[in-house]
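Working notes, beginning with the structure itself.
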Amino acid sequence: MVDMAWCGTFSSTDDGLPYIGPWSGRKRMFFALGYGGNGITFSMIAAQLIKNKLKGIKDERENVFGFER
584 MVDMAWCGTF SSTDDGLPYI GPWSGRKRMF FALGYGGNGI TFSMIAAQLI KNKLKGIKDE
644 RENVFGFER
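Residue numbers (our numbering): 584 to 652.
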């Protein structure tokens, strides 16, 4: 069983914003991808969003960075 895994790639999204959060059907798998070269800023936002999700704290930024946007 894998306790933790990590992968790094370079990509960007059509709207220029990364995808941050869980993928549908994968409760314990969180994604932070598509930074498009803005990793310093978006990695901090991703850490905050994922931390809040794990703690059960609602974060309105989920609407901006989620896969459903």
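Note that the Cβ used here is the ideal one computed from N, Cα and C, for glycine as well.
All figures in this text were calculated on a predicted structure; none of them were measured in a lab.
The residue from Arg609, Pro601 and Glu645 with its alpha-carbon nearest to that of Gly620 is Pro601. Using a Cβ-Cβ distance cut-off of 8 Å, the stretch 616-631 and the stretch 586-600 are in contact, since at least three pairs of beta carbons, one from each stretch, lie closer than that value. The count of Cβ pairs closer than 8 Å, one atom from the stretch 602-613 and one from the stretch 623-638, reaches three, so the stretches are in contact. Under the DSSP assignment, Ala630 falls in the alpha helix (DSSP H) whose first and last residues are Gly622 to Lys638. Sorting Phe650, Arg611 and Thr592 by C-alpha distance to the C-alpha of Lys638 places Arg611 at the top.
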